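See structure below.
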Amino acid sequence: MPSRPLRAPRSPPPRPWSTARCWCWCSTSFSPQHFSSNGQIMSASKSRIDLAVGVFLLLAFATLMVLAISSTNGRLPVIDDNSYQVSARFSNISELRVRAPVKIGGVRVGEIADIQLDPLTFEAVVTLELRRSAGEIPGDSSAGIYTAGLLGDRYVGITPGGDPEPLADGDDMLLTQSAVVLEDLISKFIFGNADNKKSDANDSSEESTP
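Counting from -5, one number per residue, gives the positions in the sequence shown under my numbering.
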């Protein structure tokens, strides 16, 4: 008996998109859990942005603090009610810097608060911040710029006068002595000796002439 050819099994017809399946898909895609997970992702992203902005602002503030400290010679400016300021003018301050000490008899009585250039006289206007605890400084006292040691830092030394009227806040010190530059001393010494030798030679030649 001849065998019958085998037929491929029929695939089941596609199931219609039922209302139940549609409701199941909608309930899964738009469920509160779905929106909750998206909200958590957005919240985490916002937290990272806030953290990055905070770190940037902190670094910017730290940079400004470093610049402020370096511009004041490593010290933060401090407002002290127990001090007062006077000014002194110098034609040459050499390497004198802000926050350099002010001394009387070798004892520190204040510091340099500010240094500016007078655009009219081209003199250096130095503001001295003096402690009231140092006592009353006579009004005719003189101020000079000196060096601590041979090659040390510059400072301002005050030589007290005899005026009974003391210096007050905002006064100007009229008697000043500018900084002595080492190079100028060396050049004066060298050229001064050369001029002396030249004059001695001229004198000797004049004496030898009959």
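Quick reminder that beta carbons are idealized off the backbone N, C-alpha and C, glycines included.
Quantities reported herein were computed from a predicted structural model and do not represent experimental measurements.
Q.
Measuring only the C-alpha atoms, how far is residue 135 from residue 169?
A. Counting from one through the sequence shown, the residue named residue 135 turns up at place 141. Counting from one through the sequence shown, the residue named residue 169 turns up at place 175. Residue 135 and residue 169: Cα-Cα distance of roughly 7 Å.
Q. In the DSSP assignment, what residue or residues form a beta bridge with residue 166?
A. To locate residue 166, count along the sequence shown from 1; it is residue 172. Beta-bridge pairing links residue 166 to 81.
Q.
Starting from residue 98, trace the beta strand (DSSP E) in both directions and tell me its first and last residue.
A. Numbered from its first residue, the sequence shown carries residue 98 at position 104. It spans 95 to 98 - the beta strand (DSSP E) in which residue 98 sits, taken as one unbroken run.
Q: Report all residues from its chain with a CB closer than 8 Å to the CB of residue 154; omit the five preceding and five following residues, and keep chain order.
A: Taking the sequence shown and counting its residues from 1, the one referred to as residue 154 is at position 160. Once the five neighbours on either side are set aside, the close Cβ partners of residue 154 are 98, 131, 132 and 135.
Q: Go to residue 148, then tell me how far its beta strand (DSSP E) extends in each direction, as first and last residue.
A: Reading the sequence shown from its first residue, position 154 is the one you call residue 148. Per DSSP, residue 148 belongs to the beta strand (DSSP E) from 148 to 153.
Q.
Rounded to whole angstroms, what is the Cα-Cα separation between residue 185 and residue 166?
A. Against the sequence shown, residue 185 aligns to sequence position 191. Against the sequence shown, residue 166 aligns to sequence position 172. C-alpha separation (whole angstroms): 37 Å.
**Q.** Best match in 85, 44 and 162 for proximity to residue 116 [C-alpha to C-alpha]
**A.** For the purposes of this step, residue 116 is taken as the residue at position 122 of the sequence shown. Minimum Cα distance to residue 116 is reached at 85.
Q) Do you know offhand how far residue 157's Cα is from residue 175's? A) For the purposes of this step, residue 157 is taken as residue 163 along the sequence shown, with counting starting at 1. For the purposes of this step, residue 175 is taken as residue 181 along the sequence shown, with counting starting at 1. Looking at the two C-alpha atoms, the distance is approximately 31 Å.
**Q.** Closest Cα partner of residue 79 within the set 181, 92, 107 and 55
**A.** One-based indexing of the sequence shown puts residue 79 at position 85. Among 181, 92, 107 and 55, the Cα nearest to that of residue 79 belongs to 107.
Q: To the nearest angstrom, report how far apart residue 181 and residue 140 are at their CA atoms.
A: Residue 181 sits at position 187 when you count from the first residue of the sequence shown. Residue 140 sits at position 146 when you count from the first residue of the sequence shown. In a straight line, the C-alpha of residue 181 is about 19 Å away from that of residue 140.
**Q.** N- and C-terminal bounds of the beta strand (DSSP E) containing residue 136
**A.** Translated into the one-based positions of the sequence shown, residue 136 becomes position 142. It spans 136 to 141 - the beta strand (DSSP E) in which residue 136 sits, taken as one unbroken run.
Q: State the beta-bridge partners of residue 61 as determined by DSSP.
A: Translated into positions along the sequence shown, residue 61 becomes position 67. In DSSP, residue 61 forms no bridge with anything.
Q. Count the other CB atoms within 10 Å of the CB of residue 73; is the residue buried (16 or more) or exposed (fewer)?
A. Sequence index remark: in the sequence shown, residue 73 carries index 79 (1-based). Note that residue 73 scores 47 on pLDDT, short of 50, meaning its location in the model is unreliable; the coordinates nonetheless yield the value given after this. Exposed is the call here.
Q) What do you reckon, are the CB atoms on residue 118 and residue 148 nearer than 8 Å? A) Your numbering for residue 118 matches position 124 in the sequence shown. Your numbering for residue 148 matches position 154 in the sequence shown. No. Outside cutoff.
Q: Kindly list the residues whose CB is nearer than 6 Å to the CB of residue 171, restricted to its own chain and excluding five residues on each side of it in sequence; keep chain order.
A: Against the sequence shown, residue 171 aligns to sequence position 177. Correct list, in chain order: 138.
Q) For the putative contact between residue 120 and residue 150, defined by C-beta atoms under 8 Å, what is the C-beta separation to the nearest angstrom? A) Working through the sequence shown from its first residue, we reach residue 120 at position 126. Working through the sequence shown from its first residue, we reach residue 150 at position 156. Residue 120 to residue 150, Cβ: 7 Å. Contact.
Q | Bounding residues of the beta strand (DSSP E) (the contiguous stretch that carries residue 104) | A | As a first step, residue 104 is located in the sequence shown; it is residue number 110 there, counting from the start. First-last of the beta strand (DSSP E) with residue 104: 101 to 111.
**Q.** Burial state of residue 39 (16 or more Cβ within 10 Å)
**A.** As a first step, residue 39 must be located in the sequence shown, where it is residue number 45. By the neighbour-count rule (16 or more Cβ atoms within 10 Å), residue 39 is not buried but exposed.
Q) Should residue 90 be listed as close to the ligand SAM, given that the test is whether its C-beta is under 7 Å from any heavy atom? A) The model on display carries no ligand, and the ligand SAM is accordingly not part of it.
Q: With DSSP as the reference, label residue 91 as helix, strand or coil.
A: Here residue 91 refers to the residue found at position 97 of the sequence shown. Three-state DSSP puts residue 91 in coil, outside helix and strand.
Q: Grab me the residues of residue 105's own chain with a C-beta within less than 7 Å of its C-beta, minus the 5 sequence neighbours each way, in chain order.
A: Numbered from 1 along the sequence shown, position 111 holds the residue referred to as residue 105. Excluding positions up to five away in sequence, the list reads 93, 94, 95, 96 and 123.
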